[in-house]
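Data block below; observations after.
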Amino acid sequence: MLTFTLRRLMFAIPTLLFISLLIFLLVDLAPGSPMSQIPLTVPPDVRLKIMEAMGVNEPVFVRYFLWLKQFFVVEPLVLWDHWFGTSYSDGMQRIVSWQSRSPVMDIIVERMPQTLTVIGTSYVLGVMIALPIGIYSAYRQYSWFDQIGTFIAMIGFSVPTFFTGLVLILVFAVNLQWFPSIYDTSLRVTDWDSFLAQARQMAMPVMVLALFNAAQISRYMRSSMLENLGADYVRTARAKGLSERIVVLKHVVRNSMIPVVTVIALGIPSIFGGAIITEQVFRVNGLGALLIGAIQGSDLPTVQTLTFIFAVLIVLFNLIADILYGMLDPRIRYD
Amino acid sequence: MLDAKPSVKLVTKLVEVKDLKMYFPIHTGLFRRHTGDVKAVDGINFDIYQGETLGLVGESGCGKSTVGRALLRLYELTAGSVTIEGEDIATLEPEALRKKRPMMQMVFQDPQACLNPRMTVAQIVSEPLDEHTDWSADQKLAKVYELMDAVGLNRVFANRYPHAFSGGQRQRIGIARALALNPKFIVCDEPIAALDVSIQAQVVNLLEDLQEKLGLTYLFISHDLSMVRHIADRVAVMYLGRIAEISPREPLYADPLHPYAKALLSAVPDPDPSREATRQRIILKGDVPSPSNPPKGCNFCTRCPEVIPICREVKPELAEVRPGRFVACHLVPAQNNNAAGSTSGTTVQKHNQQGEPEQ
Amino acid sequence: ERGADGNVKVLYSQAVSIMNAYLSSGTKDVEVGSIVLEPLAGFDEVGTMFPRLVTELPSLENGGIAEDLTSVTWKITPGLLWSDGTAFTADDVVFTAAYCMDPAGGCAQLAKYEGVQSVEAIDPLTVKVTFTGPKPNPLVAFVGAESPILQKAQFANCTGAAAPTCTEANFNPIGTGPFMVTDFKVNDSVEFVANPNYRDPAKPNFATLSVKGGGDAASAARAVMETGEFDYAWNTQINPELQAAMAAGGKGQFVTGFGTLVERIEMNMTDPSPDLPEGERSTAMHPHPILSDVNVRKALSMAIDRSLLVEVGYGASGRPTCNLVPAPAIYASPNTDCIAQDMDGAKALLDAAGWVVGADGVREKDGKRFKLLYQTSVNPVRQDFQALIKGWWNELGVEVELKTIDSGIFFGGDPGSPDTFQKFYADVEMYANNFPGTDPEPYIVAYTCDKAPKPESQWQGENINRFCDPVFDELAAKLITTKGEAERAAIVIRMNEMLTKDTYTIVPLVDRGRLSAHSNTLGGVVLNVWDSEMHNVQDWFRIK
Amino acid sequence: MTDTAPLAKPRSQWADVWVQFKTHKGALVGLFVFVSLVLFVSVGPLIWAKDPTFINPDGATMIRTRNKPPSLEWPLGTDQLGRDMLARMMKGGQVSIAVGLTAMVISITLGTFVGVIAGYFKRLDNVLMRVTDLFLALPLLPLLLVMAMLFRDPLSKAFGTEGGTFLLIVVAIGLTSWMQAARVVRGEVLALKEREFVLAARSIGTPSRRMILRHILPNVMSPIMVAATLGIANAIITESALSFLGLGFPPDFPTWGRLLFDGAEYIQQFPERVIWPGVAISLTVLSVNYIGDGLRDALDPRIRGR
Amino acid sequence: MPDGAKPVLDVRGLQTVFRTRGGDVHAVNSVSFHLEPGELLGVVGESGSGKSVTMMSLIGLLPMPPAEVREGEVLLGDMDILKISPAQLRDVRGRRIGFVFQDPMTSLNPVYNIGNQVMEPLRRHMGMNKAQAYTRAVELMELVGIPDPERRLKDYPHQFSGGMRQRVMIAIALACDPEVLIADEPTTALDVTIQAQIIELVKELRTKLGMAIVWITHDLGVIAGIADRVIVMYAGQVVEQAPVKELFANPQHPYTRALLKTIPSVTGERETRLKVIEGQPPILGAAPTACPFAPRCGHAFDRCGAENPIRRALGAGRVGYGHDVACHWDASKGAAHA
Ligand SMILES: Nc1ncnc2c1ncn2[C@@H]1O[C@H](COP(=O)(O)OP(=O)(O)OP(=O)(O)O)[C@@H](O)[C@H]1O
Ligand SMILES: Nc1ncnc2c1ncn2[C@@H]1O[C@H](COP(=O)(O)OP(=O)(O)OP(=O)(O)O)[C@@H](O)[C@H]1O
Ligand SMILES: [Mg+2]
Ligand SMILES: [Mg+2]
Ligand code: NI
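Protein chains in written order, with my numbering: chain V, 53 to 387; chain E, 14 to 372; chain C, 175 to 718; chain Z, 76 to 381; chain P, 5 to 342.
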């Protein structure tokens with residue numbers, strides 16, 4: 053297992069480097085410039101000067117290698133300094149956003165909490181809803197419960213989140229006034245009241261995303277359960293006189309989880325990627341909103357850094373999914 | 014019988030297998046270094062004569078299928094040579110190999126799995142014709158019908174899908190496919206294992222009829238020893254990638270020489286309660302060792318009831334211990350030393366194919 | 175009383191990315207920055223300049239402006255303190271100029287300091303700005319929210335190439351304004367508290383202020399007008415039906431103000447045909463095969479019903495206009511002859527110009543079809559305008575193909591992209607533009623021949639239509655040296671009419687007002703389109 | 076089983092599929108709904124011959140006819156510019172369904188191709204799977220923008236604006252959504268490769284190309300069908316997202332996605348305007364999904380064989 | 005009762021139907037048999053003849069739907085286990101009736117270790133705590149001949165060979181000392197040498213524990229070696245029942261006879277040509293109105309196509325005890341049965 057992990061990690065490095073180069077070239081080639089957010093009233097010569105100061109006009113490979121150095125040398129050093137109070141990174145140029153002129157990593161760190169709480173909660177909630185629904189739908193295949201579950205899941209797939217978000221706002225924020233329509237990122241949970249406030253402001257975005265995630269995962273769980281419910285070992289378990297609850301929850305679910313766990317693990321990078329539309333609708337302003345804003349503003353350092361981190365996460369969770377697979381299923385061993 | 018009725022004509026070797034090795038590599042570690050092998054077939058020698066049926070028996074996982082597949086070069090051999098009609102299959106170029114394929118065919122173990130569920134019988138049977146002839150559609154169809162008649166399938170079934178057939182019928186489709194290009198040599202890899210007793214007999218009879226009619230040569234792989242006794246002229250007993258014994262049928266069944274062959278034969282239940290009650294069985298203890306890590310010396314030494322110290326040290330070679338009987342065992346001393354290691358040194362006489370006495 | 179009214183919440187549909195207007199000229203950054211950083215003088219809601227950190231405005235009368243227009247002297251109000259308690263001095267003003275004029279700094283407001291030769295501190299409370307030559311409109315630097323004063327002590331190490339590294343200072347500048355930053359989240363939210371050292375001890379009325387950013391205009395308006403979560407929403411441009419519905423809700427109200435922002439159609443005077451080799455498309459080398467004819471352009475303008483456009487797209491926050499410079503009043507041409515739609519007249523004009531209706535209803539001339547590509551940025555109102563105008567032009571016998579481009583690309587000016595508004599690879603395009611402050615000079619002189627975007631200048635340039643008239647160029651040269659408001663206004667009006675009414679090079683459509691919303695419990699809001707909308711946050715109060 | 080059934084006339088595989096398909100109620104309803112939708116958008120405009128982009132050039136009339144609720148004259152009402160919603164729904168459906176189907180075909184073809192090659196040729200497996208990772212990691216927006224920038228004009232020149240845009244959109248969607256299908260197909264092929272009938276074909280001497288076409292592809296149809304049904308939904312929604320980036324069709328060109336997005340602005344005053352396209356998209360996705368369910372069952376020999 | 009003690013298991017007129025889309029499938033048709041204490045009953049018949057379905061109907065292991073036990077009673081002692089509640093039935097399964105399935109490769113849950121699976125019935129039925137169950141599991145493993153049980157209990161099924169897995173299955177079935185052990189083709193998937201090991205093991209355990217066993221197989225050789233009594237099934241029905249020696253010596257039903265003839269043996273005369281049973285097994289559909297073997301039967305006459313024969317005893321005794329057969333033709337007379 054260890055060598056398998058190491059091997060995969062080793063192969064991941066060239067892959068990731070290549071991906072990073074491609075992302076860089078792609079974002080650089082993409083039309084749009086960091087000037088698009090600047091009003092037309094700013095004259096062209098001033099624009100050119102601003103671009104120059106940002107370093108936009110350097111040749112692309114110079115910028116790429118500078119980014120590489122910043123990402124792999126400077127930023128880790130900054131982190132080191134931060135933890136151990138040293139000052140190795142003094143005077144080194146960090147990756148700086150063209151839009152806000154602040155280090156991209158700081159922005160990412162700043163955005164992490166709301167992304168993790170909102171998107172993370174919705175993912176966890178989605179999974180928690182999806183699993184029982186999937187299990188029960190499969191156990192009672194073609195029952196009313198199953199049919200309705202299928203129907204709702206399909207709706208969950210097909211209705212875009214901007215639409216569900218809007219409907220929720222109109223119902224719960226405008227008409228019922230239960231929940232705020234705008235997420236307050238500076239809210240700190242210190243007591244029961246602020247906890248309630250936090251719960252209320254998370255309610256709607258979490259609902260929207262949980263519906264979407266649950267729809268997908270419940271389908272996987274259902275089909276996996278269906279496959280395993282007919283397996284021979286289930287019959288063996290019944291022949292031992294075990295109760296249905298134990299047969300299903302102990303024997304079938306654990307086996308059915310094997311493929312589903314990898315699906316769930318592979319979905320986790322998308323938490324960090326953020327749910328772009330939902331974040332915008334409710335102004336959660338997490339990483340997804342950061343990325344989309346950066347892309348619209350052609351903020352190359354931010355886009356590059358964020359997408360590269362996502363790429364790392366994708367590769368990493370691919371690996372984690374494989375390892376989980378190996379751990380859950382004793383038949384698979386990676387050596 | 015072999016001795017009783019010596020053949021008048023000198024029989025020719027169709028297939029010559031020399032020191033065949035088939036290893037499946039195991040790669041481990043950070044750099045996927047080649048650290049070991051599954052020695053599925055570990056250096057075996059035998060010949061198959063024109064028109065005979067060689068039975069290949071042994072327990073599950075001992076490498077029977079691997080031998081069968083290697084013979085048709087469905088695997089790239091690790092070492093050794095397989096000469097069929099004077100041409101070494103192991104070294105043929107892909108195109109030459111493709112040209113050679115019509116003369117050697119295979120019938121598979123699982124009649125369900127070896128037929129593409131989305132092709133009709135006609136499509137399945139004519140696939141070899143599509144590949145190796147440039148006949149018109151009508152010619153092919155005519156040949157397909159002819160083949161279906163030959164294996165006893167109603168022509169009406171030509172447009173059906175495999176799922177609509179019983180196991181025995183499916184196996185006939187597989188046989189028809191194998192016959193399409195008029196092969197000389199057919200590897201039958203457990204063709205009856207998945208079938209019902211009553212249907213096994215139908216398939217075996219069919220194979221025998223075809224052999225008689227077309228002069229085919231079979232390698233008949235099975236672990237059903239009673240069926241092998243019925244169909245094979247000579248039988249090879251394999252254990253853990255090596256051949257333990259090759260003998261003509263009757264002497265083997267009457268008097269197995271290798272301890273493993275003895276155990277194997279004694280384990281076959283007899284459908285006669287009175288005989289079954291009195292029969293003495295040799296029950297082997299323990300499990301088959303892993304083919305990736307076979308024991309030193311004789312590979313049967315871990316389970317052999319008659320094991321002696323030398324077995325654990327020295328690998329016994331296959332040697333002719335009685336006329337036509339080859340055994341790899343230290344306990345069975347060779348009578349004729351110069352024949353050690355190979356069957357090629359002696360002229361094994363073919364037992365009469367047609368003249369099986371009608372007792 | 176300072177801080178008595180608790181918290182006020184402001185919503186910007188574009189999020190704030192930096193508080194330092196010199197590093198980003200995005201309107202939202204400038205406006206939110208103005209809560210902390212102040213210029214020496216600002217504009218009020220009618221566009222009149224007034225002193226903020228100085229005792230009086232420099233003028234020829236009080237000697238603040240030199241007779242020869244080559245220098246300005248500012249007198250700083252005594253006793254002013256930065257929010258950290260240190261004294262505000264002339265050095266800070268001098269430093270600010272140096273900060274922005276540093277060639278390596280990439281200052282976004284460099285245009286404000288154009289023509290400035292030097293800035294010096296005469297004494298701690300007197301600053302003198304010297305220009306390279308006579309400057310008819312000298313009160314530009316240090317005036318308006320775009321050119322606020324930075325604290326020297328805080329930014330001393332942040333000049334030139336080091337400017338972007340001072341994240342802390344850029345996010346949390348020390349200022350003289352009514353509030354100070356306590357928490358800054360990039361592109362998300364900013365938290366403020368009242369500045370204890372603010373010059374008016376009774377203000378601001380609110381103890382804290384929060385600015386949240388992101389989302390779209392409709393939901394921003396909703397947060398004020400329907401759910402009441404916010405007190406003020408900036409730039410809530412939504413369709414008139416929704417405006418009406420929300421206004422009826424009773425939780426808040428919309429406020430409108432008109433500035434200089436004009437939605438217009440620009441006619442391409444050069445040939446954008448894709449058949450031309452790259453580098454010759456939309457350049458002066460090839461005049462436009464159809465639109466070069468002034469009557470054709472006029473007919474296209476006459477076919478448009480501007481009132482209807484306003485009604486569909488803007489409601490109360492827009493009004494039809496025929497001018498490129500709609501305000502301030504003295505600069506605005508009285509021309510209104512484009513307001514009434516005249517379809518028949520337009521058809522007659524085209525007939526006269528030789529464009530006759532062909533078999534399929536599309537006009538032709540010399541075997542050439544009257545077909546236009548009409549592009550604009552992605553925006554629901556613009557798409558409605560496109561559809562409406564296309565309908566009218568179809569009625570005229572003109573075939574119209576529509577195209578929309580993401581605004582990031584359209585306005586991005588990337589010379590590599592074919593879709594920027596400067597490249598203008600279309601026959602007509604629509605967008606809005608305005609000018610900062612009250613002086614239209616830089617805005618109007620941009621239409622001289624040499625300012626046309628072309629490959630040699632990396633497609634930079636503000637003369638989007640590639641309009642070229644020597645008479646206009648002469649007027650432009652004259653304007654730059656003319657002093658006296660009335661004389662300048664006459665020239666501007668003339669130039670404006672040359673571009674619009676005389677040649678229909680630019681077809682103005684709508685004078686777009688600013689539409690913002692505030693809740694009924696927020697008092698003291700005065701919408702100011704000439705300066706920051708936050709120009710008087712210190713006066714805001716809670717209506718109880 | 077069928078062995079002793081009276082000797083029926085030989086049926087083609089598709090006839091069998093249809094027989095099995097018919098027993099799946101959901102699939103039949105889905106098929107009916109989908110065919111109705113296709114008829115609605117294709118035959119509908121012939122019956123309801125209003126121009127979906129027609130705006131009354133007379134301002135006064137236009138103002139009077141905007142934002143109308145459903146009535147006899149405008150069965151689905153009118154939009155904010157007085158355009159007939161019924162005509163727009165039909166026209167929009169043509170584009171959405173065409174884009175959905177074509178983009179799905181492209182993404183499935185690509186995904187199947189990559190999946191089959193990766194699964195079948197062991198040497199290419201690692202490379203292709205890393206390419207799949209790469210596509211998963213690439214930021215889609217810049218990718219689409221670059222594609223539009225590079226290919227929009229040449230395509231428009233070659234196929235006209237609409238044709239060019241259509242091609243660009245379907246290719247863009249196809250290129251960015253094949254990864255899931257590729258992963259699924261690869262897994263399936265890996266398993267299929269071990270099946271004995273593939274070995275049987277090899278013993279006959281069938282070369283790789285024909286092996287894939289004859290033996291592998293027909294047997295990965297079931298997972299492909301599933302991916303296909305999800306693909307249509309994805310493509311219809313992605314198309315609408317593209318038009319907001321200005322990468323889609325010209326703005327006066329209605330599509331369901333765009334109608335839904337435009338209608339969202341008016342949801343409070345005229346909710347029907349979002350309901351029409353919303354229901355249409357959901358119905359399409361639902362019906363295609365049920366059809367896919369039915370097809371998957373019908374194509375599965377284990378089920379069909381029962 | 006004329007023959008022996010009171011049966012431990014008595015099955016009467018069992019009928020099981022599968023409701024499928026293509027109509028009902030009558031997989032088991034009025035099957036009756038009984039099992040005496042300490043007896044080993046062999047059940048033979050070709051694939052699809054309803055052997056497994058019969059046994060699984062007894063303890064409700066068939067998926068319902070589509071399966072449905074229409075009629076019959078199954079007396080375990082004095083209790084009709086078809087009529088008891090699901091909870092009571094669960095107390096019977098594993099506790100009083102142990103079950104060994106056909107395919108050892110898939111019958112164990114791959115994700116739990118062997119120990120866990122062996123201990124499960126012990127804890128469920130015997131109320132043992134973990135430690136007790138563990139001790140017992142070790143004993144059981146030793147009983148079925150698995151060396152080094154302490155270590156092997158921690159292993160997972162895939163680490164066991166087929167034969168060892170089947171031993172584990174047997175250990176699980178024996179865990180609670182059931183009165184009845186039902187072994188459904190326990191050796192079909194195994195090699196001859198391993199099969200011999202398992203048969204040897206069961207014989208040994210039977211003498212040691214004295215339970216009644218039902219042994220399903222289609223290998224007559226195995227039956228000959230271990231069974232006391234045999235029932236032959238064809239198309240969901242019992243066509244013949246007899247003590248093992250009697251059956252081999254004096255088969256009555258044409259199917260049994262044909263079956264016995266098809267098997268080649270390793271000893272004795274080698275046939276030049278194998279005998280076959282011509283034709284195909286019937287398709288199970290509606291309840292049979294004719295003898296299902298009639299189409300393949302050499303002795304069939306018109307009555308066979310019109311009436312499904314019921315089991316009749318040969319000689320003295322009654323059906324189910326001694327020798328009985330379901331056939332219109334009387335082999336001993338060589339003529340139709342009266
Ligand atoms: N492709 C392969 N890769 C690695 N090992 C293999 C492969 N194919 C077969 N083996 C191993 O080679 C050995 C022999 O396998 P083979 O299939 O030839 O056995 P067999 O005698 O045919 O068994 P059975 O009677 O079960 O068919 C086994 O241990 C098997 O696990
Ligand atoms: N779920 C089901 N639905 C419909 N028919 C079924 C189902 N399960 C079993 N059958 C039918 O019941 C009949 C009896 O099957 P059973 O498994 O008992 O046969 P068997 O005698 O055990 O055969 P084998 O020796 O192959 O195990 C078969 O014809 C089979 O087709
Ligand atoms: Mg094999
Ligand atoms: Mg069975
Ligand atoms: Ni069938």
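Just so you know, even glycine gets a beta-carbon here, dropped at the ideal spot from N, CA and C.
Residue range of the alpha helix (DSSP H) that includes residue i
i, result
"Tyr238 of chain P", "Taken as a continuous stretch (DSSP letters only), Tyr238 of chain P belongs to no alpha helix (DSSP H), being part of the beta strand (DSSP E) at Arg233 to Tyr238."
"Glu331 of chain V", "Ile328 to Phe334"
"Leu223 of chain E", "Val210 to Leu227"
Whether residue i touches residue j by CB criterion (7 Å)
i, j, result
"Ile71 of chain V", "Leu220 of chain Z", "no"
Cβ-heavy atom distance, residue i to ligand 2, below 6 Å
i, result
"Gly52 of chain P", "yes"
"Ser56 of chain P", "yes"
"Ala31 of chain P", "yes"
"Leu288 of chain P", "yes"
Residue i, DSSP secondary structure in three states
i, result
"Ile287 of chain P", "coil"
"Asn351 of chain E", "Unreliable positioning characterises Asn351 of chain E in this predicted model, as indicated by a pLDDT of 46, which lies under 50. The coordinate reading is nonetheless provided below. Looking at Asn351 of chain E - three-state DSSP - the assignment turns out to be helix."
"Cys75 of chain E", "coil"
"Val142 of chain P", "helix"
"Arg338 of chain E", "strand"
First and last residue of the uninterrupted beta strand (DSSP E) at residue i
i, result
"Trp253 of chain Z", "From DSSP, Trp253 of chain Z is part of no beta strand (DSSP E); its letter is neither H nor E."
Using only Cβ atoms and a threshold of 5 Å, which residues come within that distance of a heavy atom of ligand 1? Order them by chain position. Every residue whose beta carbon comes nearer than 5 Å to a heavy atom of ligand 1 appears here in chain order: E:Phe37, E:Val51, E:Ala53, E:Ser73, E:Gly74, E:Cys75, E:Gly76, E:Lys77, E:Ser78, E:Thr79 and E:Pro304.
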